[in-house]
Structures are given as structure tokens and as C-alpha cells.
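Chemist:
In UniProt numbering, the protein residues as written are 1 to 168.
1) If I follow the unbroken alpha helix (DSSP H) through residue 176, where does it start and stop?
2) Cutting at 7 Å between CB atoms, please list the residues of its own chain near residue 108, excluding the five before and the five after it.
3) Under 8 Å Cβ to Cβ from residue 161, same chain only, skipping five residues before and after it: list those, please.
4) My assumption, with CB atoms under 8 Å, is that residue 131 sits in contact with residue 154. Please give the rounded CB distance.
5) Mind listing, in chain order, the continuous alpha helix (DSSP H) runs of no fewer than 4 residues lying wholly within the UniProt domain "PPIase FKBP-type" (80-138)?
6) For residue 120, count neighbouring Cβ atoms within 10 angstroms of its own Cβ and tell me buried if that reaches 16, exposed if not.
7) Is the distance from the Cβ of residue 87 to the Cβ of residue 70 below 8 Å?
8) So, using beta-carbon positions, are residue 126 and residue 157 closer together than 8 Å?
9) Report buried or exposed for residue 93, applying the criterion of at least 16 other Cβ atoms within 10 angstroms of its Cβ.
10) On the CB-based measure, 16 or more other CB atoms within 10 Å of its CB, does residue 203 come out buried or exposed?
11) Tell me, which residues are paired with residue 64 by DSSP?
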């Protein structure tokens, strides 16, 4: 795949054009682009991290991996992927509020707003067979969208792309 030069002299992979464009734009608008030499990667990385947190609201999202998948992960969950999982929702005092284990697994499309934002973002990067604990973002609690839920435990059963589902 073609490589895209980064401001600090490295090269990136197939997804880097967007990343390097964001980095260059941020560094230029902040006046951090040197007239000669290379930009400092730590300054640019910190700026990019700030932009992502401010734009995507991931500052308070905490996710812990409880169990890794037993095999190779060919397709980690990403935006617009269809994810099937079991979940348990817990209150602040540890009481189980809801669970899909006695019912059918839950299937949703990541990024379509079908679940709480914390739960959707918490499965990004997860693979089939992985178990995670996702803590609810306090901002969601103030919106009243997550009720009493403090955290979820999720077990990802399957991850598939929308394209694969529509061609089947």
C-alpha cells in the first residue's frame, strides 16, 4: 500500500493520509510548523490527541479487556460493523440491572446510535471471543440516557461487515 509522509519524517500505513492531514493542519494552525527541520512528534501527537478527545468525547471512557480471543483476530470491530454480543449492565452498587444472557444476544451496527455511546465506543477494536468491561461515561449519566448503569460487561460473539451481510 502507498505510504504517506508524516511531518516528523516517518511514513504511515494505508490509513495515514487522513491522519497526516489532521496533524499537518493542526500544527500549521497552531503555528508549530518549523521553517526548517522537522516538527516535534510529541507536540503534534498531543495536539492530535486533544482534537480527537474534544471531537469524539472519549475523555472519560474506560474499557478493560477481561478476556482476549483464543484465536487470531482477523476483523476487530469498527464503525459500521455489525456486532453480536451478550451484555450485563450493572448499577453503581454492583447490582445486575439487565442482561442479554437469558434472552437472545444483542446485534447492532457500531456508530449508528442504537446503543449508549459508551457501549458502542467500548466495543470498537474488540474481536469475536473477547470479553470487556466498559464503564459508562459520566457525561451520559448527566444526560439521563444510561439511567443507573455504572458499567457493562460484554462478550463479543461475532463481528461482521455490513457489505458481507448485504451480499449474503
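For every residue, glycine included, the Cβ atom is placed at its ideal position computed from N, Cα and C.
Modeler: Result, derived from the coordinates:
1) Residue 176 lies beyond the stretch modelled for the chain, which goes from 1 to 168, so this question has no answer here.
2) Counted from its first residue, the chain shown places residue 108 at position 108. Cβ-Cβ distances below 7 Å link residue 108 to 83, 114 and 115 in the same chain, with the five nearest sequence neighbours on each side left out; the list follows chain order.
3) Position 161 of the chain shown, counted from the first residue, corresponds to residue 161. Once the five neighbours on either side are set aside, the close Cβ partners of residue 161 are 75, 80, 81 and 82.
4) Here residue 131 corresponds to residue number 131 of the chain shown, with the count starting at 1. Here residue 154 corresponds to residue number 154 of the chain shown, with the count starting at 1. Contact between residue 131 and residue 154 holds: their C-beta atoms lie close to 7 Å from each other, under 8 Å.
5) You should have 117-122.
6) Here residue 120 refers to the residue found at position 120 when the chain shown is read from its first residue. By the beta-carbon neighbour count (other beta carbons within 10 angstroms, threshold 16), residue 120 is buried.
7) Working through the chain shown from its first residue, we reach residue 87 at position 87. Working through the chain shown from its first residue, we reach residue 70 at position 70. Result no, Cβ atoms of residue 87 and residue 70 do not sit closer than 8 Å.
8) Working through the chain shown from its first residue, we reach residue 126 at position 126. Working through the chain shown from its first residue, we reach residue 157 at position 157. Between residue 126 and residue 157, the C-beta gap is not smaller than 8 Å, which leaves the two residues out of contact.
9) Residue 93 sits at position 93 when you count from the first residue of the chain shown. Residue 93 is exposed by the Cβ-count criterion.
10) Since the displayed the chain opens at 1 and closes at 168, residue 203 lies outside it and no answer follows.
11) Indexing the chain shown from 1 puts residue 64 at position 64. Residue 64 pairs with 133.
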